[in-house]
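K.L.:
Per UniProt numbering, the sequence shown starts with residue 1, numbered consecutively.
Would you mind keeping the following structure in view while I ask a few things?
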Amino acid sequence: MLTRYGMSTYVAFGNLGNLLTLAVFSQSEQLKSPCSLYLLSMTICNLICLNVGIIPIIYSLDHIDISSQFVIVCQIQFYIRHSFFQMMRTYKVLACIDRYAICSVNVNIRSFSKRKIAIYLIIIFALFWLTTVIFFGWSRTIENGSFMKSLKQLRSRVQPRIEDKEKSQSINVLRKRDRDLIKIVFIEVIFYVISTMPFSIYLIYKMMTDYLIKSRERKQIESFINYIFQSFIMYLNTGLPFYIYISTSSSFRRDLKRIFIKFYAFIMRKQIRYELDDSVRTITIRH
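This is the structure we're talking about:
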């Protein structure tokens, strides 16, 4: 029931939110910010992980589970899911480092918050994880219609490389957009830590109790807890960022409103007039 209705619901809303987030962070103004580039890359990873990870699970409820029947499908799904999950986590760390750097009074630290450096790091870590996860994808085998892991869980270690944004302006004054980016990154990270911590606790519990002889009922309970923490909540994280952004950032809401206005003007074949008011660009539609 949780898979059929719960996952189906947040896959639908998650895809909608991720697509709208892509539209917002793909705007020219957003692309100037290194932090926005990280959030854009995170959104792409979230979109891929959400669909590659959840849609096959939902499909297998009423149809044959293809990934449990063919080794190559199992390996490909594992490779895509884990490589983009690791990218997403890495970009999340880099976004945090960027927000720290832009607030620093140290010129050398602030120099890391640059768009050029952000692009380099995004490409480098994408290639790194796409290459690294290949070796772990081949460790997946099929046994009794389910996946078995023969290697321990990966720990992602991220180099403390970052980027900074301000070059000629005063470091003591942050733009409204930058302050909003700090806020949404902070809240998203807090939510991610809180939502993933129970699974870490469960893994510790599992390692400490693996040697015990467990009843069938206890195994069923542990299996359900594992499903909730590892699958249901883990993938829920890939669909929530948009709703975190829109509820905490006025700049994000304003940019989203502009996209809807542009879309409406395009559909209705109307002209758009741009106005500048106190460094804030507003859009009006000419009738």
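Cβ atoms here follow ideal geometry from the backbone N, Cα and C, with glycine treated the same way.
1) Do you know offhand how far Phe112's Cα is from Asp98's?
2) Since residue 290 is in the alpha helix (DSSP H), which residue starts that stretch and which ends it?
3) According to the neighbour-count rule (16 or more other Cβ atoms, all chains shown, within 10 Å of its Cβ), is Ser215 buried or exposed?
4) Excluding the 5 residues preceding and the 5 following Tyr202 in the sequence, name in chain order all residues of the same chain whose CB lies nearer than 7 Å to its CB.
5) Enumerate in chain order the residues of its own chain whose CB-to-CB distance from Gly145 is below 7 Å, with the five nearest sequence positions on each side excluded.
6) Would DSSP call Gly53 helix, strand or coil?
7) Considering only heavy atoms of the ligand NAP, does any lie closer than 8 Å to the CB of Ile267?
8) With DSSP collapsed to three states, give me the class of Leu40.
9) Helix, strand or coil for Asn106 per DSSP?
10) What is the residue span of the alpha helix (DSSP H) that Phe232 lies within?
11) Name the residue from Phe260, Pro198, Gly17 and Met208 whose alpha carbon lies nearest to the alpha carbon of Ile233.
12) What is the rounded straight-line gap between the Cα of Tyr100 and the Cα of Met42?
13) Leaving out the 5 sequence neighbours to the left and right, which residues in its chain are closer than 7 Å to Arg253 when beta-carbon positions are compared?
14) Can you give me the start and stop residues for the alpha helix (DSSP H) that Met207 sits inside?
15) Just checking my contact of Phe84 with Cys49 at CB under 8 Å: how many whole Å lie between their CB atoms?
16) Are the beta-carbon atoms belonging to Asn51 and Val11 less than 9 Å from one another?
17) Taking buried to mean at least 16 other C-beta atoms within 10 Å of its own C-beta, is Met7 buried or exposed?
18) Less than 9 Å between the C-beta atoms of Met115 and Leu37, yes or no?
19) Assuming Leu39 and Arg4 are in contact, meaning their beta carbons sit under 8 Å apart, how far apart are those beta carbons, in whole angstroms?
P.N.:
In brief:
1) 7 Å
2) Because residue 290 is not part of the residues shown, which for the chain are 1 to 287, the question remains open.
3) exposed
4) If we look at Tyr202 and ignore the five residues flanking it on each side, its Cβ neighbours are Ile225, Asn226 and Phe229.
5) Model confidence at Gly145 stands at a pLDDT of 45, short of 50, so the residue's coordinates are unreliable; what they give is reported in the following sentence. Within the same chain, Gly145 has close Cβ partners Ser68.
6) helix
7) The ligand NAP is not part of the structure shown, which contains no ligands of any sort.
8) helix
9) coil
10) Counting along the chain, Phe232 falls outside any alpha helix (DSSP H), and DSSP gives it neither H nor E.
11) Pro198
12) The alpha-carbon separation between Tyr100 and Met42 amounts to approximately 18 Å.
13) Ile246
14) Its alpha helix (DSSP H) spans residues Lys176 to Thr209.
15) 5 Å
16) yes
17) Here Met7 is buried. Its C-beta has 16 or more other C-beta atoms within 10 Å.
18) Checking the sequence shown, residue 115 turns out to be Arg, not Met. Yes, Cβ-Cβ distance for Arg115 and Leu37 is below 9 Å.
19) Not really, about 31 Å apart at Cβ, beyond 8 Å.
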